[in-house]
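Visitor:
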Amino acid sequence: MSQTLFDKIWQTHVIAGELGSAQLIYVDLHLIHEVTSPQPFDGLRQANRRLRRPDLTFATMDHNVPTKDIFNIQDQMSRLQMDTLVKNTQEFGVPLASIGDDKQGIVHVVGPERGLTQPGKVIVCGDSHTATHGAFGAIAFGIGTSEVEHVMATQTIWQVKPKTMGIKVTGQLPKNTYAKDIIMGIIAQYGVSFGTGYAIEFFGEAIKSLSMAGRMTLCNMSIEAGSKTGMVQPDQKTFDYLAGREFAPKNFAAAKAYWTQLATDDETAFDQVLTFDVTHLKPMVTWGTNPGMATAVDQTLPAVKDDNDQAAYDYIGLQPGMPVTAIPLDYIFIGSCTNSRYEDLEIAAQIMAGKHLAPNIQAWIVPGSRAIRNRAIATGIAKIFEDAGCEWREPGCSACLAMNPDKIPAGKHVASTSNRNFIGRQGAGSRTHLASPAMVAAAGIAGHFVDITLDEGE
Amino acid sequence: MQAFVKTVGQAVVIPDDSINTDILLPKQFLKNILKTGFGQHLFYDWRYLSDGAPNLDFVLNHPEHAGATILITGENFGSGSSREHAVWALTDYGFRVVIAGSFSDIFYMNATKNGLLPIVLPAADRQQLRQIGPNESLIVDLPAQTVTYQNHHYHFDINPQWKEKFIHGEDDIDVTLKYADAITAYEQQRPQFN
Ligand code: SF4
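Just so you know, the sequences run in chain order A and B. Under numbering that gives the first Met the number 0, the residue at position 362 of the first sequence is numbered 361, and the numbers go up by one with no gaps. Under numbering that gives the first Met the number 0, the residue at position 115 of the second sequence is numbered 114, and the numbers go up by one with no gaps.
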């Protein structure tokens, strides 16, 4: 019987249990951060347990670190969570990338960047966007608080194997459209729950031609389709990305030989296959309050189909029939584990080079890690943003979930490269419009969304 | 995890349907770094007035219910956000059993992971149990799968796996640690390239 990439990795990690009920799965990498780790560490302490494999655990701080004035934290609770992580990681011997460290940043940016994320691994983290790491051909998913403690104590997790879904992405991505538009297009077409109960694998020519950064964006938002995990088959791009990174395997040739075997045998191995053609894909923008409420930039906002649509329109303060380009914008945010990698910043900077933000726009550019921040400063990208009038910030989750001081004010519209446009997500009353970094940068300059597939040569 | 075989305890009735995790523990209390201490904030908005003083109309503030360990409530208990803190608030307060018409899936699972016994009983049974007075006790017998009040036995169902976990006071970690040898064996043969 043919097998999927997911099946193969799963099979090699089962320690106990029968298919169909919960199985005990080994965890190769456990990523932790300041918000979902204090109770699990406390639980270990109360039960007098050790953390089984500190060497397979890596901690950083991201969710509520400030992106300004980082060594002078005002919020006492944030500071307490960060101090607690320092104390806990010391006590249990876990490596920590703390603020100021080159390795610090958004946990899903840091894992790949350090070479910790590798094909064939099972990777977990107390955060739903752990799916990001699937871009390397790993099984990666978010877990709950008790599960974090369980992984700390045992380096394993009980899981029922999900069904598998292949999403075949055909055609060639048109100029100025990106991985973000692919995943937003898929969710707009198939909805926010079609992936529930499935592990998704993206494949097809459009996926092969994506960079690793693009594949991470794609897998990152699998969770917005209801799936816990998204993945892409590892290939030469994956291996090239990992080669030479700090935690990449020392015996790289042997690792590569192993990784090369990790592939879905054929399409019949999936429980279900969906197709999505990108030949005529347009840049996508969300108008509502979930990621499925999205439309192409050259369209008008859709008619109200049900109460959810009406509630979304009421919250967001827009009307059906209005062109996407007429959405009034106040802020742009470039950041989050979806789109804060160097490549994302580079694309945004190319659009902003030599230009200035429109007068109605305030802009926050938040790199995904300090390493990215430093590189962008060295290459002059940071200066482009500053010259354009943007605020160039320190790394962290920032306005993606607005747990730190980076909150979009009530009633204000933000063009955002993040992943969730939920009610209040980016600040109480905030109105989010998700889009690619290129679209968000162009919107910052124009003061409203523009169809960047038309603007060539301008 | 504390073992649960049989308990004889006072019950308190909060008959509302759809008591969600926001009601059990409002989100301003999530920024704690410990698993303990949430009990004082349980049912915060119902238990306290806007000036912070106890709401004396709320049943948990009635002195005769101070020692209650069993909560009898309505349908769809624990819906809303998946926060495990809601369960921690109930156990930290002192509850060991919640008897409801139904539970949200996530809350039910979170309860089983934290030693809070969730019992589903039909409305008619709960109607009887709601007659309980402050000086009376309920008997919850897990091996027998019964709740007993005034010599009436009310039967409830529970997954045998979870029943075992409760009876032996095992949390998921205890269960998994029985596989320690298998885990070690796995570690010795897992692919490594360093
Ligand atoms: S950037 Fe946003 S989605 Fe990503 S881990 Fe941080 S809060 Fe979660």
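Think of the CB as a built atom: it goes at the ideal place given N, C-alpha and C, for glycine as much as any other residue. Keep in mind the model is a prediction, meaning the values are calculated, not measured.
Locate the beta strand (DSSP E) running through residue 220 of chain A, then write down its first and last residues.
Guide: Neither: residue 220 of chain A is in no beta strand (DSSP E) and is coded neither H nor E.
Visitor: Among the candidates A:309, A:264, A:235, A:271, whose CA atom is the shortest distance from the CA of residue 258 of chain A?
Guide: A:235
Visitor: Any idea what DSSP makes of residue 307 of chain A, helix, strand or coil?
Guide: helix
Visitor: Nearest to residue 45 of chain A by CA position, among A:399, A:129, A:148, A:34, is which residue?
Guide: A:148
Visitor: Is any beta-carbon of chain B found at less than 9 Å from that of residue 95 of chain A?
Guide: no
Visitor: Which whole-angstrom value describes the C-beta separation of residue 96 of chain B and residue 6 of chain B, a residue pair presumed to lie in contact below a C-beta threshold of 8 Å?
Guide: 7 Å
Visitor: Assuming residue 159 of chain A contacts residue 268 of chain A under a Cβ cut-off of 8 Å, what Cβ separation, rounded to an integer in Å, is found between them?
Guide: So it is not a contact: roughly 19 Å between Cβ atoms.
Visitor: By how many angstroms is the C-alpha of residue 100 of chain B removed from the C-alpha of residue 118 of chain A?
Guide: When rounded, the separation of the alpha-carbon atoms in residue 118 of chain A and residue 100 of chain B is 46 Å.
Visitor: Measure from the alpha carbon of residue 352 of chain A to the alpha carbon of each residue in A:241, A:381, A:178, then state which is nearest.
Guide: A:381
Visitor: Sorry if obvious, but does the Cβ on residue 61 of chain A come closer than 8 Å to a heavy atom of ligand 1?
Guide: At least one heavy atom of ligand 1 lies less than 8 Å from the C-beta of residue 61 of chain A.
Visitor: Is the beta carbon of residue 414 of chain A less than 9 Å from the beta carbon of residue 406 of chain A?
Guide: no
Visitor: Determine the contact status of residue 111 of chain A and residue 134 of chain A, defining contact as a CB-CB distance below 9 Å.
Guide: yes
Visitor: Could you tell me whether the Cβ of residue 113 of chain B comes closer than 9 Å to any Cβ of chain A?
Guide: yes
Visitor: Residues of chain A with CB under 9 Å from residue 136 of chain B, in chain order?
Guide: Ordered by position in chain A, no residue passes the 9 Å Cβ test against residue 136 of chain B, which lies about 30 Å from the chain.
Visitor: Taking C-beta to C-beta, are residue 410 of chain A and residue 363 of chain A nearer than 9 Å?
Guide: Not in contact: residue 410 of chain A and residue 363 of chain A (Cβ atoms no closer than 9 Å).
Visitor: Can you grab the Cα-Cα spacing for the pair residue 56 of chain A / residue 14 of chain B, in whole Å?
Guide: Whole-angstrom Cα-Cα distance: 45 Å.
Visitor: Cα separation between residue 457 of chain A and residue 447 of chain A?
Guide: Any reading at residue 457 of chain A needs caution, since the residue's pLDDT is 42, under 50, leaving its predicted position unreliable; the model's value is listed next. So the alpha carbons of these two residues sit roughly 16 Å apart.
Visitor: Which residue spans inside the stretch 100 to 167 of chain A form an unbroken alpha helix (DSSP H) run of at least 4?
Guide: 106 to 112, 144 to 153
Visitor: I believe residue 467 of chain A touches residue 151 of chain A by the beta-carbon criterion, under 8 Å. Please report the beta-carbon distance rounded to the nearest angstrom.
Guide: With chain A covering 0 to 457 only, the question about residue 467 of chain A has no answer from this structure.
Visitor: Quick one: is the Cβ of residue 183 of chain A within less than 8 Å of any heavy atom of ligand 1?
Guide: no
Visitor: Between the stretch 427 to 443 of chain A and the stretch 338 to 358 of chain A, can you find at least three pairs of beta-carbon atoms closer than 8 Å?
Guide: yes
Visitor: With distances taken between CB atoms, is the gap from residue 503 of chain A to residue 243 of chain A smaller than 9 Å?
Guide: Since the displayed chain A opens at 0 and closes at 457, residue 503 of chain A lies outside it and no answer follows.
Visitor: Ignoring anything shorter than 3 residues, give me the beta strand (DSSP E) runs that lie fully in the stretch 18 to 100 of chain B, in order along the chain.
Guide: 69 to 72, 96 to 99
Visitor: Please report how far the alpha carbon of residue 9 of chain B lies from the alpha carbon of residue 29 of chain B, in whole angstroms.
Guide: 29 Å
Visitor: Can you look up residue 13 of chain B in the DSSP assignment and give me helix, strand or coil?
Guide: strand
Visitor: Classify residue 67 of chain B as buried or exposed, calling it buried when 16 or more other Cβ atoms lie within 10 Å of its own Cβ.
Guide: buried
Visitor: Answer with yes or no whether the minimum CB distance from residue 186 of chain B to chain A is below 9 Å.
Guide: yes
Visitor: Could you tell me if residue 214 of chain A is buried or exposed, where buried requires 16 or more neighbouring beta carbons within 10 angstroms of its beta carbon?
Guide: buried
Visitor: How many Å lie between residue 51 of chain A and residue 170 of chain B at the Cα?
Guide: 17 Å
Visitor: Which one of A:429, A:396, A:385, A:91 has the shortest CA to CA distance from residue 61 of chain A?
Guide: A:396
Visitor: Would residue 339 of chain A and residue 416 of chain A qualify as a contact pair, given that the criterion is a beta-carbon distance under 9 Å?
Guide: yes
Visitor: Can you list, in chain order, the residues of the stretch 336 to 349 of chain A whose Cβ is nearer than 9 Å to any Cβ on chain B?
Guide: none
Visitor: Under 9 Å between the Cβ atoms of residue 3 of chain B and residue 93 of chain B?
Guide: In this structure, residue 3 of chain B keeps its C-beta atom at 9 Å or more from the C-beta atom of residue 93 of chain B.
Visitor: Between which residues of its own chain and residue 261 of chain A is the CB-CB distance below 8 Å, once the five residues before and five after are set aside?
Guide: 4, 7, 8, 118, 119, 136, 232, 233
Visitor: Closer than 8 Å: is that where the CB of residue 402 of chain A sits relative to any heavy atom of ligand 1?
Guide: yes
Visitor: Is residue 426 of chain A near ligand 1, with its Cβ less than 8 Å from a heavy atom?
Guide: no
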